[in-house]
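Heads up, the sequence shown is in the working numbering, so the first residue is 20 and it goes up one at a time.
First comes the structure, then the notes that go with it.
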Amino acid sequence: RLDGDFVENTDWWFNESLADYTLTTTPTDKAITSSFTPDGTDKFLYVVNMIHNVVSVTTSVNLTLFDSVAGVLGMYQGEGEDTTNQLATTLMWVGVPTAAARTVSARVYETGGSNIMLASRVFVFNLSAFAQVANTFDATEVDPASSPSWSTVATQSPTPTVTGNWEVMAFS
Numbered sequence: 020r021l022d023g024d025f026v027e028n029t030d031w032w033f034n035e036s037l038a039d040y041t042l043t044t045t046p047t048d049k050a051i052t053s054s055f056t057p058d059g060t061d062k063f064l065y066v067v068n069m070i071h072n073v074v075s076v077t078t079s080v081n082l083t084l085f086d087s088v089a090g091v092l093g094m095y096q097g098e099g100e101d102t103t104n105q106l107a108t109t110l111m112w113v114g115v116p117t118a119a120a121r122t123v124s125a126r127v128y129e130t131g132g133s134n135i136m137l138a139s140r141v142f143v144f145n146l147s148a149f150a151q152v153a154n155t156f157d158a159t160e161v162d163p164a165s166s167p168s169w170s171t172v173a174t175q176s177p178t179p180t181v182t183g184n185w186e187v188m189a190f191s
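Written out as C-alpha cells, the structure reads:
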C-alpha cells in the first residue's frame, strides 16, 4: 500500500491537474512532481496520463512524458474522430535516472484548435522501495505485424521469492 508501506516524496511522487485547460501550441507542463534527486543507481518508473475532450478533429493533441534533466522520455500524438470523443492517454518509462535534482511532468500541447484537457497526472515510483521488481524496457522502433497476428516487443518472466500481489503494466 502506498499510504502505509511507502513514504511519499521519498519512495513515490504524485501530482495532478484537474482544471479544464484549453490546449495551445506551446508545450505546457501541467501535472508536475516536486523536485527529487535519484541516487543514480535505483530504477524508477515514471507514469503520465492525460484525459481530453476532442473539440477540433483535425488537430493533433500531444502528451509528452517530460523529465527536466533527461528531456522527453515518451510522446503520444493523436487526433480524435468525433467531437463527442473523450480520450485518455498514458505513457510510461522505466530506467535509472542520473543523480541530479529533477521534476517529471505531463507536458501537453496541440498543433492548433481548441481541444480541452480535463485532467493530467504524473506518478513516479522508486522501484527499489518494492520487495521484488521485474521489468523490461526497450526503446527500439518496431514496425508491428498486421492484424490478426501480433509482434512481441518484450518478454518478462518474473520468479517471485514470496507469494503476494503483483502489478503488471505494459505499454507499446
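Cβ coordinates follow ideal geometry from the N, Cα and C atoms, glycine included.
First through last residue of the beta strand (DSSP E) which encompasses residue i
i                : result
phenylalanine 55 : Element bounds for phenylalanine 55: n/a, residue is neither H nor E.
valine 113       : 105-114
valine 143       : 135-145
serine 36        : 31-36
Residues that DSSP places opposite residue i in a beta bridge
i                : result
leucine 92       : In the DSSP output, where bridge partners are listed per residue, leucine 92 has none listed.
aspartate 86     : Gly90, Val123
leucine 42       : According to DSSP, which records beta bridges pairwise, leucine 42 is partnered with nothing at all.
asparagine 68    : Thr109, Arg140
phenylalanine 63 : Gly114, Asn145
aspartate 48     : Arg126
proline 27       : Looking at the sequence shown, residue 27 is not proline but glutamate. DSSP, once it has assigned bridges, lists Trp31 as partnering glutamate 27.
Status (buried if at least 16 other CB within 10 Å, exposed otherwise) for residue i
i             : result
threonine 102 : exposed
leucine 37    : exposed
serine 165    : exposed
glutamate 100 : exposed
Supposed contact pair residue j and residue i - C-beta distance, whole angstroms, cut 8 Å
i             : j              : result
glycine 97    : valine 115     : With a Cβ gap of about 30 Å, glycine 97 and valine 115 do not count as contacting.
methionine 69 : valine 143     : Not a contact, Cβ separation roughly 16 Å.
threonine 174 : threonine 155  : 7 Å
leucine 64    : leucine 146    : 6 Å
threonine 83  : threonine 130  : Threonine 83 to threonine 130, Cβ: 14 Å. No contact.
valine 67     : asparagine 104 : Not confirmed; about 20 Å, so no contact.
Neighbour flag for residue i against chain B, beta carbons, 8 Å
i          : result
valine 143 : The structure shown contains no chain B; it holds only a single protein chain.
Closer than 7 Å: residue i CB and nearest the ligand NAP heavy atom
i         : result
valine 91 : Within the structure as shown, the ligand NAP is missing, as the structure has no ligands at all.
> How do the region 167-181 and the region 115-132 stand: do at least 3 beta-carbon pairs fall below 8 Å, yes or no?
Replying inline: no
> Between the region 25-39 and the region 105-115, do three or more beta carbon pairs fall short of 8 Å?
Replying inline: no
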